[in-house]
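Taking it in order: structure first as structure tokens, then the write-up.
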Amino acid sequence: MPYDTVDDTRLHYTERGRGAPLLFVHGLGSSSRDWAAQVDDFAKRYRVLRVDLRGHGRSERGEGPYSIAQFAREVAVLLRKHAHEPAHVVGLSMGGMVALELAASAPRLLRSLVVVNSVADMRLHSWRDVWFYVSRRLAVQALGMRRVGRLLARQLFVKPDQGALRRTLVERWAGTDKQAYLWSMDAIMRWSVADRLPRIDTPTLLVSSDEDYTPVAEKRKMKAQMPRAELAVVHDARHALPVERPEAFNAVVDDFLRRVEER
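Residues 1 to 263, numbered by this note's numbering, are exactly what the sequence shown covers, in order.
Shown next, in the form of structure tokens:
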């Protein structure tokens, strides 16, 4: 399995297919495995890269604390080494934050940007924000990753026929390093790109599930501030959109990438 060492930490990545580089960046507590349905589809037309961010999947934990800027810097190193040309970058949730940070700090590395169920500012602005952060952190510390995974699985995959998705999430969540998860969550809650959105002129697709816990209205605000952004809303879906509804998600992203490639 391929690894690269960045900032004294071994990061796991995969590569498949031929064509323009297309990088997928996973969310908090997840890994590159959650992009399996995207690899099978997009590797027919692109050179698909996936990375496990530090502390996730098969990558080493390294030293903490973490920051979104650090994640983005490490992704930038991998792109410079393996993409060989500006890449299409797709990020889900925390991965979307990493992608936005990358677009703001190293725009020449990107040909396009797809941000899925993510927002531009995760700092704690209200008591509701504080409660979300503290309750999630305490739950992980008190219950452990497997039990928190069970709770999340019931929130993300609510339909009776999604039992297999729930079981897969629980098993993968149970293998996530708890300390790395907490460091990553802390990194999220300190991060914002809100004041830099107007400077991100990379062609951007903001994708929102209609039932995501980050409101569609927030993505509309982001779109209004970004000079080359558009918004797509996928209905009957929750936060883990690429896993829950891969065909619908892939179709939306494929249409966008084809239009970017034709420009």
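Glycine residues also receive a C-beta, built at the ideal position from the N, C-alpha and C atoms.
| Asked | Found |
| --- | --- |
| Check whether H88 and R111 have beta carbons under 9 Å apart | yes |
| Neighbourhood of K223 by C-beta distance below 8 Å, restricted to the same chain and skipping five residues each side | L206, A229, E230 and L231 |
| With 16 other Cβ atoms within 10 Å as the buried cut-off, status of H239 | buried |
| Buried/exposed call for H235, threshold 16 Cβ in 10 Å | exposed |
| Among D210, M122 and R166, the one whose alpha carbon lies nearest that of Q155 | R166 |
| 6 Å Cβ shell around L23 - same chain, five flanking residues per side excluded | L49, A87 and V89 |
| CB contact flag (G55, Y133, <9 Å) | no |
| contact_flag[the region 113–123, the region 134–146] where n(CB pairs < 8 Å) is 3 or more | no |
| First through last residue of the beta strand (DSSP E) which encompasses G91 | A87 to L92 |
| Delimiting residues of the alpha helix (DSSP H) encompassing S135 | W127 to L143 |
| CA-to-CA distance, K178 to Y213, given in whole angstroms | 23 Å |
| Cα-Cα separation, P227 to R220 | 13 Å |
| Own chain residues within Cβ distance below 7 Å of Y3, not counting five before or after | R10, L11 and H12 |
| Close Cβ partners of P203 (< 6 Å) along its chain, the five nearest in sequence each way excluded | S112, R228 and V260 |
| Through-space distance from N250 to D41, alpha-carbon basis | 8 Å |
| Nearest neighbour of V51, chosen from P65, Y66, V6 and F256 [CA to CA] | V6 |
| Neighbour-count burial assignment, A217, 16 or more Cβ in a 10 Å radius | exposed |
| Beta carbon of M97 nearer than 9 Å to that of V243 | no |
| Where G27 falls, given that 16 or more other Cβ within 10 Å makes a residue buried | buried |
| Assigned secondary structure, R73 (DSSP; H/G/I helix, E/B strand, else coil) | helix |
| Length of the line joining the Cα atoms of V25 and S32 | 7 Å |
| Strand pairing of T14, partner residues [DSSP] | R50 |
| For S59, three-class secondary structure by DSSP | coil |
| Proximity to L100 [Cα-Cα], best of V233, R196 and S209 | R196 |
| Chain-order list of residues whose beta-carbon lies under 8 Å from that of A76 (same chain, five-residue window excluded) | L102, S105, A106 and L109 |
| Bounding residues of the alpha helix (DSSP H) (the contiguous stretch that carries D41) | A36 to F42 |
| Simplified DSSP assignment, three categories, for Y66 | coil |
| Cα-Cα separation, G91 to D34 | 12 Å |
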